[in-house]
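To keep things clear, I will list the structure first and then write my remarks on it.
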Amino acid sequence: MNSPHEIRPDLEQGIDRKELAKLRARFLHLNQGRLERAREGLSTRQQQVLTALPLLFHVNHPVLPGYVSGTTPAGVSGFEPGPDLLAEAQRLARSFTYKPRHGTAPQPIHGLFLMGSLGTLAQAEQSDMDLWVCHAPGLQEDELAELRRKCQLLETWAASQGAEAHFFLIEPQGFVQGERNGELSSDDCGTTQHYLLLDEFYRTAIWLAGRTPLWWLVPVYEEHNYRAYTQTLLSKRFIRAEDDLDLGHLAHIPPGEFVGAGLWQLFKGIDSPYKSLLKLLLTEVYASEHPDVRCLSLEYKQAVFANQLDLDALDPYVMVYRRIEQYLQQRGESTRLELVRRSLYLKVNKKLSELGRSRASGWQRQLLARLTNEWGWDERQLAMLDTRSQWKVRQVAAERRELVAELNHSYRFLTQFARDQSASSRADQRDLNVLGRRLYAAFERRAGKIEVINPGIAPDLAEDTLTLVQSPNRKEPGTTHWGLYNGNLGVHEWEHFSPLKRCRELLELLTWAHRNGVIDNTTRLALHPGDSDLTDFELFNLLGSLQQSIPLPLGTVSEVRLLQPSVADEVLLLVNVGVDPLRHHRDLNILMTTERTDSLSYAGVRENLVLTLDQVTLNSWNEVLVQRYDGEHALVRCLRDFLNSLGQRNQRPRLRVRCFCRNRAQAIALRVEEIFDTAQLLLEQRLNHRYLLQVAQHTHVLELQPGQVTLTTLPDHDAVLGCLGEERGQYSPLHLDANALQDHDLPLVLEQGRRDCLQVFYRLLEGWADLYVLDEYNALWHQRLPLQDEAHLLLPLQRFLRSVVVRHDAQLPLDSLQQASLEILYYQLLPSGPGKARSLEPRPSPREGIGQPYYEVQAILQAGAADEMHITLYCNQQEFSELEHGDQLYAVVARQILGQRRGAGSYRCYITDLDLSELLGDDQGSTALYLRYKTELERALNDGLEQLQATLEP
């Protein structure tokens with residue numbers, strides 16, 4: 001049934017001008033009530049700003065605020081200042097005199113509107129003044145520039161009066177067509193919304209001066225026929241064009257707008273959830289009704305047409321709450337409804353408990369009290385919310401769970417809605433992905449990530465006094481954990497209380513406390529270190545390091561960074577947290593008195609003083625992660641993982657290494673920092689470096705390939721030789737840490753690596769000799785041989801290497817042969833005999849002596865079935881194959897070689913040439929590979945030779 005006072009201007013039954021005038025009067029009556037409420041919540045100076053604005057846009061006068069020039073567009077449609085306003089203007093500038101505008105002077109300012117929270121239940125002392133300045137079409141660019149400048153000057157003047165004002169220029173015709181120049185309110189998401197912003201404007205705008213909205217005069221049932229209806233009003237002169245301005249209608253809202261609005265509110269809700277929750281839920285309500293959406297502004301207009309002009313019932317925030325309440329009650333979601341009620345209460349921020357009853361009782365407090373009585377809230381509930389500024393960890397953590405669940409629910413709803421409606425016209429998949437990453441970074445739990453428990457819930461979580469305790473973990477016998485407790489608790493007092501937070505490792509707990517502001521510079525800490533070596537000095541410095549590496553508050557993550565995978569920005573390495581390395585070693589006296597000071601291979605006992613590392617990382621998505629490394633190989637595992645986390649990025653993260661343990665802290669930190677800096681530098685060269693580290697008894701080889709770093713831990717010298725001798729497909733520089741292989745000859749050899757060169761190193765021992773070859777790719781070959789003399793040691797190797805070079809050159813184009821041929825260089829390690837080599841000296845290549853025996857032995861390897869390999873040997877051009885001799889091949893060849901020798905010498909058999917062309921195909925094959933096959937073949941030959949000689953001995 002229609003209200004007896006309802007106005008129904010119907011096109012078919014005729015439109016009554018008197019009824020239209022009455023309708024406009026109703027809107028203006030409501031408008032006046034809201035304006036009075038808005039003024040009531042402002043200070044005297046803020047009221048003066050609001051009062052003066054229509055006059056300041058109506059005239060250009062040099063003594064008034066906002067003056068730019070005499071040509072700046074001025075003149076508000078239908079506006080004429082009254083004596084009170086002119087008196088107010090003269091209080092601003094005594095020399096001001098008003099000259100009325102005569103005749104048909106242009107009035108390019110069509111309307112001034114205040115929109116947003118002013119005049120509503122949610123108005124607060126810090127609420128902004130968002131003003132839409134609607135102007136005539138056709139203004140020239142220089143005129144618009146001057147008008148913008150005027151707005152900027154007025155914003156500055158308003159700020160000087162204690163009012164935060166924002167002015168937005170609107171050209172109504174362009175606005176209807178969707179033409180926008182950025183944000184249209186200080187709480188607006190830019191171009192992703194149009195109709196939802198218009199919906200908010202129509203239900204919250206307070207008219208200040210100029211033309212009134214044409215939308216006011218169109219009945220809700222004619223919204224779908226808006227253009228025809230308004231055209232009739234104008235063409236048949238029911239209204240005058242100069243009395244109204246047209247910003248468009250709300251008959252249909254594209255689905256993409258719900259996604260865009262939801263994205264924006266979710267983005268804001270990550271840091272300020274209470275502020276965004278109501279708009280977020282309203283967006284969900286609207287989207288769930290699509291395509292038959294009845295906007296709140298239409299309900300508002302329907303109420304005015306029905307003469308239902310209760311300011312409280314039509315309060316924009318009350319209307320939003322009622323629509324959400326109805327939606328959630330229909331769905332039976334009482335938990336979400338309670339969260340909405342808390343959000344509204346905290347948004348209004350008028351304390352109703354005994355804490356706030358001493359304050360003046362305004363209309364906002366009265367309206368809010370009626371709502372909370374309706375909700376059944378008691379004094380305890382009100383007091384809990386009124387003390388939000390004092391909430392600490394437990395209350396905040398509980399509230400966070402519900403807020404995060406709500407934000408994640410909204411994200412899933414929007415994602416599904418966008419998918420179902422193909423709603424990508426204004427908010428595409430890219431926006432959803434970026435927002436998904438924001439939510440993931442802010443709220444997703446994963447191993448090592450520090451959870452942020454206070455996304456805008458309470459202003460300050462810092463505790464005055466806390467107690468930090470290490471205690472046995474009763475659930476895991478033999479282990480300990482750390483707890484953080486409220487207050488200053490004695491040695492056994494803490495056992496009777498529940499901790500704020502408990503973690504296995506100290507650094508995870510301290511990082512959590514710092515990231516969430518539970519510990520700040522004013523917090524006093526009582527320490528019960530348990531079995532750890534933690535001291536107050538170390539604890540103080542650990543917290544200082546965290547504050548330096550993770551400076552709070554963290555800035556907003558840019559969309560550009562979110563479009564890329566997260567990377568580490570800040571890395572803090574804390575060595576030996578709560579551990580004194582000297583106390584944990586058996587040979588304490590030796591460690592304390594030794595002169596050998598390398599922290600990784602300390603003293604004669606070769607002890608590693610780096611026992612644990614805690615890595616704290618702040619990444620490009622503002623996530624904070626903590627990872628602990630302990631055990632025998634903690635350092636190299638941490639280094640490997642750190643290098644792998646760098647990927648292919650060009651810029652290093654900022655790395656800080658700190659150590660505050662009792663003994664040798666600075667030396668330990670500097671040594672670890674040196675290793676990390678060296679490894680990063682090598683990796684940045686993108687040359688597939690190998691980095692050799694000696695840590696205590698173990699040698700570690702890091703393969704530094706861009707995009708992938710691998711770690712090999714080698715238990716002994718033979719394993720090192722095997723690793724360094726692995727075949728390589730390209731030149732790989734080798735870098736030795738200062739402490740690597742210090743008890744061996746290898747550093748002298750390995751430091752000589754050169755590209756495209758074969759380098760032979762030999763050392764003469766007592767009856768033996770060590771031979772080393774660094775090949776063209778810097779792979780190492782080693783062999784220990786019985787020593788007869790230098791000639792018998794080096795000539796066979798020289799012959800073999802020459803044959804390898806010949807085969808290498810044969811596969812090269814003639815024009816590149818000159819520069820590509822491999823040079824063969826010789827060096828002797830000195831001194832000869834026992835002990836460690838101290839130096840090396842170049843030596844000439846060995847030469848064939850006159851009459852010196854030279855017996856050519858060539859091997860050809862061919863692939864067989866599966867992994868089999870067929871070997872054919874040629875001794876001075878005579879063929880010996882497995883096909884003919886089977887497993888006696890090497891014994892037969894040894895007999896042939898022995899029979900050809902001129903003397904009865906017992907020197908070894910050597911391979912002088914090797915063909916691997918069938919195995920390698922078009923590949924060159926490295927010299928190290930040829931040498932490895934050579935070693936295996938010679939071993940078999942010499943085994944055959946020894947067996948043969950044994951049978952010949954009497």
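In the UniProt record's numbering, the protein residues as written are 1 to 954. Positions of the beta carbon are idealized from the N, C-alpha and C atoms, including for glycine.
What residue from H633, Q548, L889 and W375 has the CA that sits closest to A696's CA?
-> It is H633 whose Cα lies nearest to the Cα of A696.
Separation of L339 from L403, as counted between CA atoms | About 8 angstroms.
Cα-Cα separation, L500 to V393 = 7 angstroms
Check each candidate in I253, A442, Q742 and V624 and name the one with the smallest Cα separation from Q421.
-> When C-alpha distances from Q421 are compared across I253, A442, Q742 and V624, the shortest belongs to I253.
Mind the definition here: the region 152-171 touches the region 229-241 only if three or more C-beta pairs lie below 8 angstroms; say whether that holds.
-> no
Taking V404 as part of the alpha helix (DSSP H), name the residues at either end of that continuous run.
-> V393 to Q421 is the span of the alpha helix (DSSP H), which, as asked, contains V404.
How about Q828 and E841: do their beta carbons lie closer than 8 angstroms?
-> Cβ distance < 8 angstroms, so Q828 and E841 count as in contact.
Which whole-angstrom value is the C-beta distance of L746 and W768, which I expect to be below 8 angstroms?
-> Going by Cβ atoms, the distance from L746 to W768 rounds to 17 angstroms, so no, they are not a contact pair.
Is T617 near the ligand HEM, with its Cβ less than 7 angstroms from a heavy atom?
-> Inclusion of the ligand HEM in the displayed structure is not the case, the ligand content being empty and no account of it being possible.
Check each candidate in A837, D243, I324 and A894 and name the one with the smallest Cα separation from E856.
-> A894
Starting from F642 and walking both ways along the beta strand (DSSP E), at which residues does that stretch end?
-> Note, F642: premise wrong, no beta strand (DSSP E); alpha helix (DSSP H) at A634 to L646.
Would you mind reading off the limits of the alpha helix (DSSP H) that contains L281?
-> P273 to E289
Can you give the beta carbon distance from L298 to R26, rounded, assuming they're within the 8 angstroms contact cut?
-> No, L298 and R26 are not in contact; Cβ-Cβ is about 16 angstroms, not under 8 angstroms.
For G490, which residues of its own chain have a beta-carbon under 8 angstroms away from its beta-carbon, when the five flanking residues on both sides are left out?
-> none
Would you give the residue range spanned by the beta strand (DSSP E) that W207 belongs to?
-> Per DSSP, the continuous beta strand (DSSP E) segment holding W207 begins and ends at I206 to G210.
Can you give the Cα-Cα distance for P100 and M319, rounded to whole angstroms?
-> 42 angstroms
Would you give the residue range spanned by the alpha helix (DSSP H) that W482 belongs to?
-> Not the alpha helix (DSSP H): W482 falls in the beta strand (DSSP E), residues T480 to N486.
State the DSSP-derived secondary structure class of R8, mapped to helix, strand or coil.
-> coil
Start and end of the alpha helix (DSSP H) containing T556?
-> Per DSSP, T556 belongs to no alpha helix (DSSP H) and is neither H nor E.
Are there 16 or more other CB atoms within 10 angstroms of the CB of residue 962, so buried, or fewer, so exposed?
-> The requested residue 962 does not occur in the structure, where the chain is confined to residues 1 to 954.
Within 10 angstroms of the Cβ of H735, are there 16 or more other Cβ atoms? Answer buried if so, exposed if not.
-> buried
Roughly how many angstroms separate the alpha carbons of D743 and Q811, rounded to a whole number?
-> 41 angstroms
Beta carbon of A163, beta carbon of M129: below 8 angstroms?
-> yes
What's the C-alpha gap between L724 and L704?
-> 14 angstroms
For H224, which residues of its own chain have a beta-carbon under 6 angstroms away from its beta-carbon, when the five flanking residues on both sides are left out?
-> Only residues of its own chain outside the window of five on either side were considered, and among them A251 have a CB closer than 6 angstroms to the CB of H224, listed in chain order.
Which residues DSSP lists as bridging S471, in chain order | Residue pairing of S471 in beta bridges, as defined by DSSP: H481.
Leaving out five residues on either side along the sequence, give the residues of the same chain with a beta carbon under 8 angstroms from the beta carbon of Q666.
-> C659
So, helix, strand or coil for Y930, using DSSP?
-> helix
When the Cβ atoms of the region 283-303 are set against those of the region 342-349, are three or more pairs found closer than 8 angstroms?
-> no
What span of residues does the alpha helix (DSSP H) with I871 cover, start to end?
-> Not the alpha helix (DSSP H): I871 falls in the beta strand (DSSP E), residues M869 to C875.
Three-pair Cβ contact test at 8 angstroms for the region 497-512 versus the region 624-638 | yes
Does the Cβ of V560 have 16 or more other Cβ atoms within 10 Å, making it buried, or fewer, making it exposed?
-> If you draw a 10 Å sphere on the C-beta of V560, you find fewer than 16 other C-beta atoms in it, and that means exposed.
Cross-strand partners of R628 (DSSP beta bridge) | D614
Using 8 angstroms as the threshold, is the region 435-444 in touch with the region 457-475, meaning 3 or more CB pairs across them?
-> Segments in contact, no.
Where do the N-terminal and C-terminal ends of the alpha helix (DSSP H) with I860 fall, by residue?
-> No alpha helix (DSSP H) holds I860; the beta strand (DSSP E) holding it covers V857 to A863.
Rounded C-alpha distance that separates N31 from W207 | 7 angstroms
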